[in-house]
Each structure stands twice: as C-alpha cells, then as structure tokens.
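Chemist: Order-wise, the sequence lines are chains A and B.
Numbered according to my numbering, the first sequence spans residues 86 to 251.
Numbered according to my numbering, the second sequence spans residues 86 to 251.
The structure under discussion is supplied below as structure tokens; questions concerning it will follow.
2 protein chains.
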Amino acid sequence: MADVLEPGQLNTYFSLMEAVSLLQHAVTQQLRAEGDLSYVQFELLARLSHSDGPLTMTELADGVVYSRSGLTHQAGLLEKAGLVTRGPSAEDQRATVVAVTEAGRELVAKVLPGHVEVVRRLLVAPLSTSDLDALGGIMARVRDHMRAEPPRSVATRRSSARNEHL
Amino acid sequence: MADVLEPGQLNTYFSLMEAVSLLQHAVTQQLRAEGDLSYVQFELLARLSHSDGPLTMTELADGVVYSRSGLTHQAGLLEKAGLVTRGPSAEDQRATVVAVTEAGRELVAKVLPGHVEVVRRLLVAPLSTSDLDALGGIMARVRDHMRAEPPRSVATRRSSARNEHL
DNA sequence: CCACAATGATTCGACTTCGAAGCATCTAGA
DNA sequence: TCTAGATGCTTCGAAGTCGAATCATTGTGG
Numbered sequence: 086m087a088d089v090l091e092p093g094q095l096n097t098y099f100s101l102m103e104a105v106s107l108l109q110h111a112v113t114q115q116l117r118a119e120g121d122l123s124y125v126q127f128e129l130l131a132r133l134s135h136s137d138g139p140l141t142m143t144e145l146a147d148g149v150v151y152s153r154s155g156l157t158h159q160a161g162l163l164e165k166a167g168l169v170t171r172g173p174s175a176e177d178q179r180a181t182v183v184a185v186t187e188a189g190r191e192l193v194a195k196v197l198p199g200h201v202e203v204v205r206r207l208l209v210a211p212l213s214t215s216d217l218d219a220l221g222g223i224m225a226r227v228r229d230h231m232r233a234e235p236p237r238s239v240a241t242r243r244s245s246a247r248n249e250h251l
Numbered sequence: 086m087a088d089v090l091e092p093g094q095l096n097t098y099f100s101l102m103e104a105v106s107l108l109q110h111a112v113t114q115q116l117r118a119e120g121d122l123s124y125v126q127f128e129l130l131a132r133l134s135h136s137d138g139p140l141t142m143t144e145l146a147d148g149v150v151y152s153r154s155g156l157t158h159q160a161g162l163l164e165k166a167g168l169v170t171r172g173p174s175a176e177d178q179r180a181t182v183v184a185v186t187e188a189g190r191e192l193v194a195k196v197l198p199g200h201v202e203v204v205r206r207l208l209v210a211p212l213s214t215s216d217l218d219a220l221g222g223i224m225a226r227v228r229d230h231m232r233a234e235p236p237r238s239v240a241t242r243r244s245s246a247r248n249e250h251l
C-alpha cells in the first residue's frame, strides 16, 4: 500500500466528483422545473412510493440525508404541500410514520420520465453498454464498502436495516 | 417514452449518486476537522496553488461552483482568513484577481495528505487497479460529455460562447 | 414506583449555495 | 464621442443542510 496515490488515481477521483456534480446539478434543475422539488424531496417521495407501507422518519432518513433535522424540515415541506402525511406510530409513541399521498405518487410519476431522460442523456448516452455494466458493478462495490466502513463518528445514529433498491 | 432505461442502468445511476454522496461527506468531514475548510474552499485553494499565477474570479469559479455569488462569498471568507488576497486586475478594471498566500499553500499542504488518505481508503482500496483505470476513463468521458452538453442554465457566462435561450 | 439512560423526533442557530438585481467597466457601432 | 449592450463582480434575499440542544417516550434497574 503506497502512502500516496498515483496521479491517475487522483485524476479518477476528480473526474468522478466533477462528473457527478454536473449530473446532480442537471437533475436538480429538472426536478425543480418540472415538479418544484429538490433532489432530496424527490428521493424521499420515490422511496415512499416504492416502499410497501409507511416508514418512520429514521427509516426514511437512512441513506438520503445526513442529519435528522434536515429530514424533519423536508418532511414538513412535503406535508405542507400535501404530498405526504405524518402521524404517530401505533407501536412506538415516539416515532412518526410518514406515508405518501396520492398527490405524492402522481407527482413522482409526473417528474420521473424527465428525470430518467436527463440521466439517459448525460450518463447513459456517452457510454457503451459494457461501460455502464462495469460502472454499475464498480460503484455498487464502492458504495457497499463505504456503507460498511466505520462511520467515523458520523452523527447519524445508525439504525438497524439498510434498504437496497431505489 | 417506450425506451426507458433498463433497471440495471437506473441502479447504476443510484449506486453512483449514493457512493459519491458518501465519499463527498467523508472528505468534507476530514477537511473541516483538519483544516476548517469546506470542500469548495479546499478546491479553490488547491486550484490557486496549482495554477501558475493569480486567477480572476471567473476563472476560479469555472468548474467549482455554479454561481458567482457563491464564489464571492467564499473568496471573502478565504481572504478574511488570510489564505488568499484579492486585488484589482491590471488589464481589466472590472476584474478581481485572486492569489493564494503562503498561509494558504501551507494549509493545502497540511490537509492534502489526510484528504488523499480518505480517498484511498474509501475509493481506491475496494477496487482493483484495472477497475480504477476503467472508472477513470469512464468518468472522464462522462465529464467531458457533460461539459459539452448545452442546457446548462448555469449562470456561467462564458467568455466567447453565447447562449441563445433562457 | 421512581430515577435514569437510550431512543425518535423536533427546534434553533449558523453556515452554505444559489438566482435575481444592481453597480462598474469594457467594447462595439453610429 | 456617445450610447447601448456585454461582461465582471457584489449585494441581497430565499432555500437547504447540518449539529447541538431539547422534548417526549421507551426501557431498565433499584
């Protein structure tokens, strides 16, 4: 293990960060324009739409934001917009369960095609099928590795399960 | 929209976004802990340290932030911290040229090893050399494609290019 | 039953980022 | 020269994120 990275490895890191930054900016613009949603809001709605039932705030936060307060804020906005509902949990009075409303599902369905189109145009289009397969495998491995790595005192009070899809 | 993305392509996109989000969060923590710098501030200092001479605000902003006002704010903070200097340009009275100070160079030198170490541990470690090479090539291609792609309603008023709409 | 810690969520303040509007300067054309 | 538009940067307000502190509930030990 070398102490210093090869120059090419650093360049890989920079390319990765800049490309994703550009992609993130593009999809953020699209979501704001077509659905008046932030990227996080879209992620939350998509997660709720895809889940079987309502989720608690903690389950919903996992993997989307790095602070609970941020989720509280966004969930409040989504509730005010009529896209989700919040209510007390039956089992645990401390917990708040969040459910997507019909309007929320419709909004996701409305903005999803445009979202996918942006991804297709910016990420999929310039790559070959084998490139995409390779990228998918590589990033899944990196992601899993990071999830497992010691959180290093990240303030997220980790909960039990980890969601896989979406 | 008959040809939506393959499920695997969408998963590639999600893996990419989540992995980079985790990586970004990790390096941000490291920079804040070891140098009291934000990621953008570090990028600006690194860019200035690496350049031959001072840069104008516009040159400095290119590729780092998506708004000029954000750069103005950060440059002000860096100047207040004594890490950069700002002064009028000789050729163009409108322009502000930014130069890194010795303290700025020293701070970059101080935090860079830890920064590289985080990247090595989270991104490089779980991948093989060939994976890294492939990733570098793929992301460089994606990045270049996005840079060329048009509809960046980004406020980057480029020197020679001219945007038609919006 | 009663402290007391752990857990789920919210409130609050500080910081960052962006977009629109504004000011100053440069440039091109009549 | 004079005027209008383009360009460089800053100011200002709105929105988002995070961390620390806080409130409420659950669980545990005496």
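Idealized CB from N, CA, C, for every residue including glycine.
#1: What does Val228/A touch in chain B if you count any residue whose Cβ is under 8 angstroms from its own?
#2: With distances taken from CA atoms, which of Ala194/A, Ala225/A, Val125/A, Val201/A is nearest Arg161/A?
#3: Would you identify the three-state DSSP class for Pro173/A, choosing helix, strand or coil?
#4: Would a check of beta-carbon distances place Ala225/B closer than 8 angstroms to chain A?
#5: Using the C-alpha atoms, what's the distance from Arg232/B back to Gly189/A?
#6: Quick check on DSSP: helix, strand or coil for Thr186/B?
#7: Between which two residues does the alpha helix (DSSP H) holding Leu156/A run?
#8: By the DSSP assignment, the alpha helix (DSSP H) with Ser106/B in it spans what residues?
#9: Counting only Cβ pairs nearer than 7 angstroms, list the residues of chain B close to Thr97/A.
#10: Which value, in whole angstroms, describes the spacing of the CA atoms of Thr241/A and Arg132/A?
#11: Note down, in chain order, each residue of its chain lying with its Cβ closer than 8 angstroms to the Cβ of Ser174/A, except the 5 sequence neighbours on either side.
#12: Mind checking the region 194-217 of chain B against chain A and listing, in chain order, the residues whose C-beta falls within less than 7 angstroms of any C-beta there?
#13: Locate the alpha helix (DSSP H) running through Val125/B, then write down its first and last residues.
#14: Check whether chain B comes within 8 angstroms of Gly93/A, counting only Cβ atoms and requiring the distance to be less than that.
Modeler: This is what the structure gives:
#1: According to the sequence displayed, residue 228/A carries Arg and not Val. Neighbours of Arg228/A across chain B, judged by C-beta separation under 8 angstroms: Ser100, Glu103, Ala104, Leu107.
#2: Checking the displayed sequence, the identity of residue 161/A turns out to be Gly instead of Arg. Of Ala194/A, Ala225/A, Val125/A, Val201/A, the smallest CA-CA separation from Gly161/A is found for Val125/A.
#3: strand
#4: yes
#5: 33 angstroms
#6: Reduced to three states, the DSSP call for Thr186/B is coil.
#7: 153-165
#8: That run of the alpha helix (DSSP H) goes 92-120.
#9: Neighbours of Thr97/A on chain B, chain order: Leu217, Leu220, Gly221, Met224.
#10: Unreliable placement is indicated for Thr241/A, whose pLDDT of 35 sits below 50; no coordinate value is reported for it.
#11: Thr141, Ala180, Thr181, Val182
#12: Answer in chain order: Val201, Val204, Arg205, Leu207, Leu208, Val209, Pro211, Leu212, Asp216, Leu217.
#13: 124-135
#14: yes
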